[in-house]
Amino acid sequence: MVALFPYLTITLLKSGIGESVIEDLDVILGKKFENSKDLSGGQWQKIALARAFFSDAPILILDEPTAAIDAKTEFQLFQKFLNLTQGKTVFYITHRLSSVKQADKILVLRDGEVHGFGTHEYLMERNPYYREMYEMQSSLYFNDTNF
Numbered sequence: 457m458v459a460l461f462p463y464l465t466i467t468l469l470k471s472g473i474g475e476s477v478i479e480d481l482d483v484i485l486g487k488k489f490e491n492s493k494d495l496s497g498g499q500w501q502k503i504a505l506a507r508a509f510f511s512d513a514p515i516l517i518l519d520e521p522t523a524a525i526d527a528k529t530e531f532q533l534f535q536k537f538l539n540l541t542q543g544k545t546v547f548y549i550t551h552r553l554s555s556v557k558q559a560d561k562i563l564v565l566r567d568g569e570v571h572g573f574g575t576h577e578y579l580m581e582r583n584p585y586y587r588e589m590y591e592m593q594s595s596l597y598f599n600d601t602n603f
């Protein structure tokens, strides 16, 4: 049945998220229907991302798009992200600051108010709040201290 959806299949494979999502694209998804297939949270996110990449929309709004995706898939996705979104404006909403380093501009919100705007380098240099949040998150990867 994959041949029925050539563009979606190509997008799934180009994004690197299709191989593990589902074997047959011609299936009813969700747990509410008889003979349907339910997916994990990460698999649902992979489907949503593939649909976004498949879209011709010039603007994408991605709200925590990798929150339920495993680290390996997230890494692979970011390797291809710039190519898959070329020519599009992407609003990437996240708490994972490591994923915004490649952004053209970053808007920092704190308590619902704008608390900074600029590139990663600019914010690291001139925004104590952003720098503190980034260093706090990145220290978890480089610090051998136990909790």
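Residue numbers for the sequence shown follow the working numbering, beginning at 457 and rising by one.
The C-beta atom is built at its ideal place from N, Cα and C for all residues, glycine as well.
Check: Is DSSP giving Lys502 helix, strand or coil here?; Outcome: helix
Check: At 4 residues or longer, and completely inside the segment 503-589: list those alpha helix (DSSP H) runs for me, N to C.; Outcome: 527-540 and 576-582
Check: Got a sec? Which residues, its chain only, sit under 8 Å from Ser496 by beta carbon, not counting five neighbours each side?; Outcome: Ala524
Check: Tell me, to the nearest whole angstrom, how far the beta carbon of Ile422 is from that of Asp519; I am working on the premise that it is less than 8 Å.; Outcome: Given a span of 457 to 603 for the chain in the structure shown, any question on residue 422 remains unanswerable.
Check: My output table needs one value for Leu485: the three-state DSSP class, helix, strand or coil.; Outcome: strand
Check: In or out: Val570 buried (at least 16 other Cβ within 10 Å) or exposed?; Outcome: exposed
Check: Taking the alpha carbon of Ser555 as the point to measure from, which residue in Glu530, Gly498, Lys488 and Gln501 has its own alpha carbon closest?; Outcome: Glu530
Check: Rounded to whole angstroms, what's the CA-CA distance from Phe547 to Glu588? Just pull it up for me.; Outcome: 23 Å
Check: Taking the alpha carbon of His576 as the point to measure from, which residue in Leu553, Met592, Ile503 and Thr545 has its own alpha carbon closest?; Outcome: Leu553
Check: What does the alpha-carbon distance come out to for the pair Glu490 and Ile484?; Outcome: 9 Å
Check: Considering Cα atoms alone, identify which of Arg566, Gly568, Lys557 and Ser492 is closest to Ser594.; Outcome: Lys557
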